[in-house]
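Step one of this worksheet: look at the structure below.
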Amino acid sequence: MSDVASSLNRVVIIGSGLAGQCAAIEAARHGAKEVVLIEKENRLGGNSAKATSGINAWGTAVQKAAGVHDSGELFEKDTFASGKGGSCRPELVRTLSDHSAEAIEWLSSFGIPLTALTQLGGASRKRCHRAPDNPDGTPLPIGFTIVRALENYIRTNLSDIVRIETNARLI
């Protein structure tokens, strides 16, 4: 991405969910002069803000600390089994697997507490990383937690590069 972003004056990103916010941060970090993040709603987050499960990854420090023995092979096998009907593209599943631990580290660098580990449907190991429950025992809404942390980072650290436009309508 660094070659592409640094050669562009303006990067336009449609949608401010997890993917859009990550793209905005990385474009700015890799030299884009201006990033425009466009969202149709009145606030950032999209459907990502509603996500409640967590993020699957293998080989993370959290798994190691919990004594979970996992592998890329198992991660990929579970992913293929969950994507019945041939809807999984092997090269994309491999990319997802190969970079899953990196994604957890990257998100954690923004202060997102992905330290609780659980095994959800379709997984043969505990690999779903989520935030610990609130002190009263209620679950912390992980999607909302992630997109708010990224939005805060963008507004606090990248406001000179990333312009946010909400309530936008594109034709």
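In the numbering used here, the protein residues as written are 12 to 182.
Ideal Cβ placement from N, Cα and C applies to all residues, glycine included.
Residue i, enclosing alpha helix (DSSP H) - first and last residue
i    : result
C139 : Taken as a continuous stretch (DSSP letters only), C139 belongs to no alpha helix (DSSP H), being part of the beta strand (DSSP E) at 139 to 141.
R166 : 153 to 168
Sheet register partners of residue i (DSSP bridge)
i   : result
V22 : V46
Residue i vs residue j beta-carbon contact at 7 Å
i    : j    : result
G28  : N58  : yes
K151 : A142 : Note that residue 151 is Leu in the sequence shown, not Lys. Yes, Cβ-Cβ distance for L151 and A142 is below 7 Å.
A160 : G122 : yes
I25  : A34  : no
I49  : E176 : yes
V173 : I165 : yes
I115 : H80  : no
G78  : A112 : no
V46  : A38  : yes
L125 : S119 : yes
Limits of the beta strand (DSSP E) - the one that residue i falls within
i    : result
T129 : 127 to 129
I175 : 173 to 176
Which parts of the region 25 to 64 are runs of the beta strand (DSSP E), unbroken and 3 residues or longer, counting only runs that do not cross its ends? 45 to 49
Identify every run of the alpha helix (DSSP H) within the region 68 to 122, keeping only runs that are complete inside it and at least 4 residues long; order them along the chain. 72 to 77, 83 to 93, 101 to 119
Is it a yes or a no for the region 39 to 56 touching the region 97 to 112, going by three-plus beta-carbon pairs under 8 Å? The answer is no - the region 97 to 112 does not touch the region 39 to 56, with fewer than three Cβ pairs under 8 Å.
Specify whether the region 79 to 94 and the region 134 to 141 touch according to this definition: at least 3 beta carbon pairs, one from each stretch, less than 8 Å apart. yes
Is there contact between the region 62 to 72 and the region 39 to 47, where contact requires at least three CB pairs shorter than 8 Å? no
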